[in-house]
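Written below as structure tokens is the structure these notes are about.
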Amino acid sequence: QKEVEQNSGPLSVPEGAIASLNCTYSDRGSQSFFWYRQYSGKSPELIMSIYSNGDKEDGRFTAQLNKASQYVSLLIRDSQPSDSATYLCAVNLNRDDKIIFGKGTRLHILP
Amino acid sequence: EPEVTQTPSHQVTQMGQEVILRCVPISNHLYFYWYRQILGQKVEFLVSFYNNEISEKSEIFDDQFSVERPDGSNFTLKIRSTKLEDSAMYFCASTGTALYGYTFGSGTRLTVV
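Line by line, the protein sequences are chains Z and G.
Each number in this note's numbering corresponds to the 1-based position in the first sequence with 73 added.
Each number in this note's numbering corresponds to the 1-based position in the second sequence with 2 added.
Encoded structure:
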């Protein structure tokens with residue numbers, strides 16, 4: 074069974090610091106990797122996608138992928154209180170496959 | 003920015019009743035999905051729909067569930083006889099290609115009493 078694993082947290086990070094969120098996945102053939110942000114009671118919002126090994130940066134966000142280790146991470150620089158949310162790691166096997174989600178990591182930015 | 007629209011935002015129904023959850027995906031998207039999230043749990047896949055038919059469904063999506071795209075714009079999820087354990091947030095999502103992630107609607111909170 075395909076699994077996506079995340080530490081549920083909460084992860085508490087001081088405002089202005091770097092938040093580091095981690096995810097592992099079980100299916101070595103997975104092709105696409107996503108980070109979604111979900112505020113309480115709201116729907117998931119796509120913030121980053123990554124498809125090849127290495128780093129991908131978008132503003133304060135950096136996604137990192139290591140397919141050999143089956144590991145995806147998200148770094149949030151200069152953390153803001155508005156970054157407090159649950160971050161969902163999601164993976165799909167191929168272009169026509171469904172995305173499966175991890176349980177999410179709750180991030181709390183301390184003012 | 004285009005968005006996925008879901009109605010109603012909240013539905014309360016009695017156990018055993020039928021409910022229909024409605025979604026309007028982004029107009030040029032080809033792949034449509036329903037996911038659900040029980041309070042405090044993860045977002046779970048229910049069903050995917052492409053080219054006017056179901057392409058995949060999960061174990062959760064049993065005979066009590068059905069989907070339909072009746073008119074080229076709406077995408078509906080029907081639960082024929084609701085159970086207490088169907089209480090959850092139901093999310094519709096769409097994409098042009100699953101490779102690039104989905105856009106989710108704001109969800110319908112279904113409460114079965």
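Quick reminder that beta carbons are idealized off the backbone N, C-alpha and C, glycines included.
As the structure is a prediction and not an experimental result, all values here were calculated from the model.
Excluding five sequence neighbours on each side, which residues of the same chain lie with their C-beta closer than 6 angstroms to the C-beta of residue i?
i, result
"Tyr112 of chain Z", "Ala158"
"Asp128 of chain Z", "Thr135 and Gln137"
"Arg111 of chain G", "His12 and Met91"
"Gly82 of chain Z", "Thr178 and Arg179"
Determine the closest residue to residue i out of the options, with distance taken between C-alpha atoms.
i, options, result
"Lys80 of chain G", "G:Pro27, G:Leu23 and G:Arg71", "G:Leu23"
"Tyr195 of chain Z", "G:Gly103, G:Thr110 and G:Thr113", "Look at the range of chain Z in this structure, 74 to 184, and you will see that residue 195 of chain Z is not part of it."
"Glu46 of chain G", "Z:Ser93, Z:Leu119 and Z:Glu76", "Z:Glu76"
"Ile62 of chain G", "G:Asn76, G:Thr105 and G:Ala90", "G:Ala90"
"Ser125 of chain Z", "Z:Arg133, Z:Gln143 and Z:Pro117", "Z:Gln143"
Check the Cβ-Cβ distances between residue i and every residue of chain B, and say whether any is below 8 angstroms.
i, result
"Phe107 of chain Z", "The structure shown contains no chain B; its protein chains are Z and G."
Distance check for residue j and residue i, CA to CA, integer angstroms please.
i, j, result
"Lys185 of chain Z", "Gly107 of chain G", "Since the first and last residues shown for chain Z are 74 and 184, residue 185 of chain Z lies out of range."
"Lys44 of chain G", "Asn53 of chain G", "28 angstroms"
"Val97 of chain Z", "Val115 of chain G", "Here the sequence assigns Thr to residue 97 of chain Z, which means Val is not the residue at that position. So the alpha carbons of these two residues sit roughly 37 angstroms apart."
"Glu130 of chain Z", "Val14 of chain G", "43 angstroms"
Among residues of its own chain, excluding the 5 on either side of residue i, which ones have a beta-carbon nearer than 8 angstroms to its beta-carbon?
i, result
"Asp170 of chain Z", "none"
query: Quick check: the region 12 to 26 of chain G against the region 64 to 80 of chain G, are there 3 or more CB pairs under 8 angstroms?
result: Yes: at least three Cβ pairs fall under 8 angstroms.
- request: Mind the definition here: the region 150 to 165 of chain Z touches the region 28 to 36 of chain G only if three or more C-beta pairs lie below 8 angstroms; say whether that holds.
  value: no
query: Between the region 139 to 148 of chain Z and the region 90 to 109 of chain Z, do three or more beta carbon pairs fall short of 8 angstroms?
result: yes
task: Return the residues of the region 54 to 73 of chain G that lie within a Cβ-Cβ distance of less than 9 angstroms from chain Z, sorted by chain order.
output: Ser57, Glu58 and Ser60
task: Can you give me, in chain order, the residues of the region 139 to 165 of chain Z that have a beta carbon less than 9 angstroms from any beta carbon in chain G?
output: Leu161, Ala163 and Asn165
task: Select from the region 38 to 51 of chain G all residues with a C-beta closer than 8 angstroms to any C-beta belonging to chain Z, and list them in chain order.
output: Gln43, Lys44, Val45, Glu46, Phe47 and Ser50
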